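Using our numbering, you'd call the opening residue of the sequence shown number 3 and step up by one each time.
The beta-carbon is built from N, C-alpha and C at its ideal position, and this holds for glycine as well.
Keep in mind that this is a model prediction, so the values were computed, not measured.
Input: a single structure, listed below in structure tokens.
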Amino acid sequence: MLLGRSSECARLLALVDKARRGESGALLIRGEAGIGKTSLLEHVAGESGDLRRLGTRGVEVESDLPYVGLADLLRPVLHFLDRIPERQAAALTGALALGPAVAHDRFAVAAGTLSLLGALAEEGPVLVTVDDAQWLDPYSLDALAFATRRLGREGIVVLFTARDELDEPASRLAAIETMTLGGLDAESAHRLIAEESTAELTEREAARLLAEARGNPLALIELPALLSGSGAGDDDPDSAAPLPIGELLAHTFGSAVARLPQEAQDAMLLLAVLGTRPLAGTEAALRAHGLSYESLEAAEAAGLVVEEQDGYAFRHPLVRSAVYHGATPVRRRRAHHAIARSLQGATAPALEQYAWHLAASGAEPDEHVASLLENAASGAPDTLPYPLASRLYERAARFTPAGQRKAERLLCAARASQAAGSLDEAAAILDRSLEHAEQLGTRLDIRQLRCYLDVQRGQPTRSRELLRAAVDEAEKVDPALAAVMLGGIALTELAVGDLTAARGTSAAAMELADATRQTLLPVRLLRTLVLLLGGDADAGRSLLRELAGPLASPDPAFPYPLSGVGGLCHLAAEELDEAHGLLDRAAYTARASSAVGLLSHLLCTLSVVEFWRGRWSPSLAHADEAVRLAEATGRLIEVPRGLAALARTEAALNREADCRRHAAQAMEWAASTELPMDAARARGALGLLELGLGRFEEAVHRLEEVRAFSRTHGRGDGLYLTWAADLADAYVHLHMTTEAREVLDVLEYEAGRGHRPVTAGAAARCRGLLEPDAAERHMRRSLALLTERPVPFERGRTEFAWGEQLRRQGRRSEARRLLERALATFERLGASGWAARVAAELHAAGGTEVRPERAPLERLTPQEMQVALVVGRGLTNHEVAERLFLSVKTVEFHLSNIYRKLDGVHRRAQLVRLLAQASEVAAV
């Protein structure tokens, strides 16, 4: 047991024990330099000899080389690549420069990392250690964070360490539990000094040591040599001002380095600059610098470096830092230049390292180097990994003088970075590109791309302002580009819910598009959506039919998801089966290509469609996954959308606590991402919850807020933002007839805009409630209209409303038949609040409550339901794992739970039949 670390060791070893039982876990250990983070990792590794260990360590000088840390971690297990999906294996080998490069985004690499770790765990539990995560390159850290968040039942424990003064790794690992290490207690500190120190300290020096070290184990071991005989603790006024631990240790190690021969110092500097190089590479670099293997012997004898199996390593990262930062700038530049010289003639990805070292050597702009890097980035656009392409373009820009060419190369870097899924990085590169752009066309391209990035990152207001400023300029030189820009503005206006603004913007975009005589699918699609939401719905349907062909195979490289917009069009047109078909196919394709960012958008809309179709378990599963993927990919705009979808389905299911929690989260996210429509959707979900529970005053309060938002932004009522039928229902129960008639006017206006049977059916139901004498005619019409679409919940509500009305008119026998049908529908859907209200009415009508068996699929969690849905497509466990970005073991675990929860289902074929039956029942 480590001295003074018994509780910390116990916590870590408990994770190891869980891994032995097949459970996965992770922990981030934070603390200052020298506090003992690495010692904890080594102790756990020593106590876990039966676990296969993979490890890597971040190196400061390599922190911006893509995937260098991941390559170091996975190198020992690359022979397992043939056990993971082919596309993921190709993405990994390309990103890690271990095989032919392939085009991919960073999430394909992250999914491959998860699959590879899962394949390894099939042979036994695994311990993964990532030391000094603050210096791991962001691509490696994101891949490991993504994989770690999705671990479940593999038997893998992942331990990260990071300096506590740096926030970057903490933000990337925010979802992982954290343990902060403090200093040793006084008794343990005394014992450590007694056991490890060989220096003779006076009582005053010992007191100074304890005060300065503040329980830091490395300081307690290393500082005695510095303090011994120094007189520290005497009446020196400076002795009362303790230095930061990092500075003290750096001074200690720097003093030790300074005592070495110059040849050893030069060799250590070269080693610090090289980073994690194999032994052979180290020797080659030493020779190129006029040094030899023996040059490191003095440093090894001083305990500053150690020889490992595959190369030399510094005893502690602070030694590397002391060597590198302690050297003069001239010596550092000379070392970088020597390594760059040894890499001349390299191809990607070593070419990127060549450029990095050349830049660090202080080299001036050089068009030959810039062209070399640009050609490497652009020479094979279909095969080069996006992160590497981005870095090569950036390096090319580094060697390009300020001006137009520099802007163009930075714009290429930003596009590659966006394709890699690094939205924040792409935005930062675009800002730099704009500073150098001299040509109008380049400035417009930059602004357009920045707009789409800002929308995805939850900053639609900034996006709209940027594009507005650019459209007039674009119209003079490229009307088609101006039209697409206007379409982008309309998209941002729709995202915030401002339909009034979107009408004018989309009309102007269409006028420009017509003048160019080009299809311009994004422009026409957004105009279609605006017409369906609040204009001529028949014209919108006509446009949608014309776009069916292009929508079947939209450009996947377009910055926003065209299939998702098409799904929203079908939803607005109340064409639920068509919406489901388009979105389901697009989501399947996105899973197959690991397009995680696109997938979160598609799943948000698919969740809403499944809610209306009465398939509430899939609705929850899609929304739950959308939120998790959106958070993981930085697509912040999708987080409140998914949370609002979750809240509405939970409201209908009477899951009150979950609904309120997710609605509150949606409103909080909507406020931070400037998306008030999603806050309105969340309030609408709360209104539905209160309505189902019979709390009509509370329902009115919530739904009137949604009504106010709708009025302000020129929206009516529809299947995406729905409120009018719920508010009218609440008004009727509170005998607020005048207010109910005002809302009915909204519903009937919406129903009159083309053929909208769901809205028309809700309007007929409300009119039946307000006109008891003509109720039968209106209610029959409502049921007839609602039969045209698969909307069982709406049909149940009409049967309930009519039965409730008949019971109060004394027509108990007729009321019972309707109420029994409504109860069966609500029970089948799992709408327990609504079922309870119907049951009370049925009892009052003299009926006997007969509760049909709940739908079996409601017993599944959202993630189990998502696994079941993908299994239902006939895929193997490995294919399911690839599509859902899970490990095979986690899929197997969820599948075993599914079989346990579903009586009579023990095989995949039985599960497929059950899913098909559930889909048929939902449509009844």
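Measure the CB-CB distance between residue i and residue j and report whether it falls below 8 Å.
i: V793; j: L821; result: no
i: L534; j: G566; result: no
i: L693; j: D660; result: no
i: L413; j: V457; result: no
i: C606; j: A581; result: no
i: A673; j: A681; result: yes
i: L67; j: D139; result: yes
i: L648; j: S602; result: no
i: A511; j: G489; result: yes
i: L549; j: R791; result: no
i: V63; j: V275; result: yes
i: G720; j: E744; result: no
i: P226; j: I195; result: yes
i: E796; j: V748; result: no
i: G805; j: S784; result: no
i: A838; j: R814; result: no
i: L483; j: G636; result: no
What is the DSSP secondary structure of residue i, reduced to helix, strand or coil?
i: I480; result: Before going on, a small fix: residue 480 reads as Asp here, not Ile. In the structure shown, D480 sits in coil (DSSP, three-state: anything other than H, G, I, E or B).
i: Y590; result: helix
i: G231; result: Note on G231: pLDDT 46, under 50, position unreliable in the model; the coordinate value appears next. It is coil, neither helix nor strand.
i: F401; result: coil
i: V61; result: coil
i: V308; result: strand
i: W733; result: It is Tyr, not Trp, that sits at residue 733 in the sequence shown. Note: Y733 maps to helix in three-state DSSP.
i: F316; result: strand
i: D74; result: helix
i: E894; result: helix
i: R289; result: helix
i: L222; result: helix
i: W836; result: helix
i: Q441; result: coil
i: M270; result: helix
i: N377; result: helix
i: E49; result: coil
i: I86; result: coil
i: T518; result: helix
i: Y69; result: coil
i: G542; result: helix
i: E752; result: helix
i: Q912; result: helix
i: A208; result: helix
i: T349; result: coil
i: I448; result: helix
Based on the DSSP secondary-structure assignment, which residues constitute the bridge partners of residue i?
i: L129; result: R55, V159
i: I31; result: T163, M181
Excluding the five sequence neighbours on either side, which residues of its own chain have a C-beta within less than 8 Å of the C-beta of residue i, listed in chain order?
i: P78; result: L56
i: G126; result: D52, L53, R54, G157
i: L978; result: The shown model of the chain, from 3 to 926, leaves out residue 978, and the question about it has no answer.
With a CB to CB cut of under 7 Å and the five nearest residues on each side skipped, what residues in its chain are close to residue i?
i: A415; result: S392, Y395, E396, A399, I431
i: G835; result: N656, G694, L695
i: M487; result: Q450, L469, A472, V473, A476
i: A418; result: Y388, A391, S392, Y395
i: A258; result: A304, L306
Going by beta carbon distance, what residues of the same chain come within less than 6 Å of residue i, once the five residues before and after it are set aside?
i: R445; result: A439
i: A361; result: R400
i: A777; result: G770, Q807
i: V371; result: F401
i: R155; result: G24, K891, T892, F895
i: S621; result: S609, E612, F613, T651
Does the pairing of the region 87–99 with the region 113–123 give three or more beta-carbon distances under 8 Å? yes
When you compare the region 142–159 with the region 11–29, are there three or more beta-carbon pairs, one atom per stretch, that lie closer than 8 Å? yes
Inspect the CB distances between the region 700–715 and the region 517–524 and report whether three or more fall short of 8 Å. no
Under 8 Å: do the region 316–333 and the region 344–357 share three or more Cβ pairs, one atom per stretch? no
Are the region 642–656 and the region 875–882 touching by the rule of at least three beta carbon pairs closer than 8 Å? no
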